[in-house]
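*Asks:*
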Amino acid sequence: MPELPEVETVRRALTPVMTGATITKADIRRPNLRWDLAPDLAARLEGQNIVDVTRRAKIIQVWLAQDVMLIHLGMSGSIRISDHAPNGRAHDHIEWQVSQEGVKHWITFNDPRRFGYVDILRRADHDSHPSLAALGPEPLSDAFSEAYLEDKLQGKTVPIKSFLLDQRQIAGLGNIYVCEALFRAGISPRRRADTVIGKRARRLLPSIRDVLEAAIAQGGTSLRDHRQPDGKLGYFVQSLDVYGREGAPCHRCATPIKAIRQSGRSSFYCPLCQR
DNA sequence: CTCCTGACCTGAGTGC
DNA sequence: TGCACTCAGGTCAGGA
1 MPELPEVETV
11 RRALTPVMTG
21 ATITKADIRR
31 PNLRWDLAPD
41 LAARLEGQNI
51 VDVTRRAKII
61 QVWLAQDVML
71 IHLGMSGSIR
81 ISDHAPNGRA
91 HDHIEWQVSQ
101 EGVKHWITFN
111 DPRRFGYVDI
121 LRRADHDSHP
131 SLAALGPEPL
141 SDAFSEAYLE
151 DKLQGKTVPI
161 KSFLLDQRQI
171 AGLGNIYVCE
181 ALFRAGISPR
191 RRADTVIGKR
201 ARRLLPSIRD
211 VLEAAIAQGG
221 TSLRDHRQPD
231 GKLGYFVQSL
241 DVYGREGAPC
251 HRCATPIKAI
261 RQSGRSSFYC
271 PLCQR
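Counting with the numbering used here, you get residues 1 to 275 for the letters of the first sequence.
1. In the DSSP output, which residue or residues are listed as bridge partners for R114?
2. Would you kindly work out how many angstroms separate the C-alpha atoms of D241 and F183, rounded to a whole number?
3. On the CB-based measure, 16 or more other CB atoms within 10 Å of its CB, does H72 come out buried or exposed?
4. Quick check: what's the CA-CA separation for G38 versus Q97?
5. For E3, which three-state DSSP category applies?
6. Based on DSSP bridge pairs, tell me the residues matched to V68.
7. What are the uninterrupted segments assigned as alpha helix (DSSP H) that are 4 or more residues long and contained completely in the segment 111-188, given in chain order?
8. Could you check where the alpha helix (DSSP H) with A215 kicks off and where it finishes?
9. Just list the residues that DSSP pairs N49 with in beta bridges.
10. Between the beta-carbon of V158 and the beta-carbon of E180, is there less than 7 Å?
11. Report the CB separation of L14 from I60 in whole angstroms; it is logged as a contact under 8 Å.
12. In angstroms with no decimal places, state the Cα-to-Cα distance between L149 and Q100.
13. Assess, as a yes-or-no matter, whether the segment 40-51 is touched by the segment 17-26 under the definition of 3 or more beta carbon pairs within less than 8 Å.
14. Below 8 Å on the Cβ atoms is my guess for A214 versus K156; work out the distance and round it to an integer in Å.
15. Is it true that the CB of F115 sits closer than 7 Å to the CB of R34?
16. By the three-class DSSP mapping on this structure, what secondary structure does A85 have?
17. Buried or exposed for H93, please, with buried defined as at least 16 other CB atoms from any protein chain shown within 10 angstroms of its CB.
18. Are three or more beta carbon pairs between the segment 70-88 and the segment 225-241 nearer than 8 Å?
19. Reducing DSSP to helix, strand and coil, say where D40 ends up.
20. Between L135 and A57, how many whole angstroms is the CB-CB distance? I'm expecting something under 8 Å.
21. When you compare each of L4, P271, R275 to P279 by their alpha carbons, which one comes out closest?
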């Protein structure tokens with residue numbers, strides 16, 4: 001579910017509530033999500049002060065004095081912030097209680113499909129964590145440059161769609177925003193990555209940045225599960241050009257949007273605008 | 001190495 | 001209503 005813009009939306013909502021607060025309680029309601037949870041997760045969290053809340057790719061990082069907690073929302077994960085003890089809903093797997101200057105908040109991790117995970121590790125081990133070590137650059141950072149992209153595209157025979165989904169190349173894109181970025185860049189998802197050169201390559205990078213920034217500004221895209229932590233929808237769904245629009249007219253040329261399957265995932269594109 | 005498929009899970013939607 | 005089937009914002013192990 002949540003790609004970079006949705007996760008960033010969650011991070012921005014968590015920051016004022018968590019940063020500087022103390023975790024007064026961590027209620028772990030099942031032993032595993034995607035993987036087994038650390039058996040000492042609650043013990044390592046309770047009583048700790050939260051120093052910072054950051055994001056890397058689709059992962060939220062909650063920094064404590066000695067440890068860092070990683071939260072990945074998988075396909076169907078979401079986080080709610082409440083100013084009173086919430087009524088438990090189905091699939092509320094973890095609930096944190098935080099307190100700051102006497103003000104309490106309850107933060108709930110809900111994930112029906114349990115493809116998400118929560119992990120805790122020593123800060124010193126952060127960079128070598130399996131889900132972080134191999135990640136490519138953040139698309140909104142300077143590390144993601146034309147030179148970088150050109151270099152990585154070289155020799156890649158996979159479709160550009162698969163290349164952009166590969167978190168080792170660029171971190172944080174998922175199915176929606178890859179489709180949308182390729183539409184904005186006028187590149188067919190079927191095109192071999194190593195043939196994205198020249199004009200196409202130069203359009204790709206700003207297309208990725210623009211679509212991510214626009215989506216963050218709208219609170220992400222709510223299709224099924226995604227909600228902002230205050231329960232509001234993400235409104236970027238109204239700005240989608242191709243994702244989920246099979247048969248509907250292209251916003252640029254009115255040709256019906258086409259849907260195909262590539263390595264098990266749906267791709268949506270305009271067969272006329274995207275070559 | 002690179003690339004592709006299937007598996008992990010639940011719930012919503014569709015068609016009979 | 002019920003049932004069978006398909007599909008879904010992600011990733012990872014295993015095999016070609």
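Quick reminder that beta carbons are idealized off the backbone N, C-alpha and C, glycines included. The structure presented is a predicted model; accordingly, all values stated were derived computationally and were not measured.
*Replies:* On the basis of the coordinates in this document:
1. Its beta-bridge partners do not exist; DSSP assigns none.
2. Here the C-alpha atom of D241 lies approximately 7 Å from the C-alpha atom of F183.
3. That one is buried.
4. In the sequence on display, residue 38 carries Ala and not Gly. Looking at the two C-alpha atoms, the distance is approximately 18 Å.
5. coil
6. W63, L121
7. Along the segment 111-188, the alpha helix (DSSP H) occurs as fully enclosed runs of 4 or more residues at 130-133, 146-153, 160-165, 175-185, listed in sequence order.
8. The continuous alpha helix (DSSP H) containing A215 extends over residues 198-217.
9. T22
10. no
11. 7 Å
12. 43 Å
13. Under the Cβ criterion (8 Å, minimum of three pairs), the segment 17-26 counts as touching the segment 40-51.
14. 27 Å between Cβ atoms; not a contact.
15. Contact flag set, yes.
16. coil
17. buried
18. By the Cβ test, the segment 70-88 is in contact with the segment 225-241, since at least three Cβ pairs between them sit closer than 8 Å.
19. coil
20. 5 Å
21. Lying outside 1 to 275, the shown extent of the chain, residue 279 is not represented and no answer is given.
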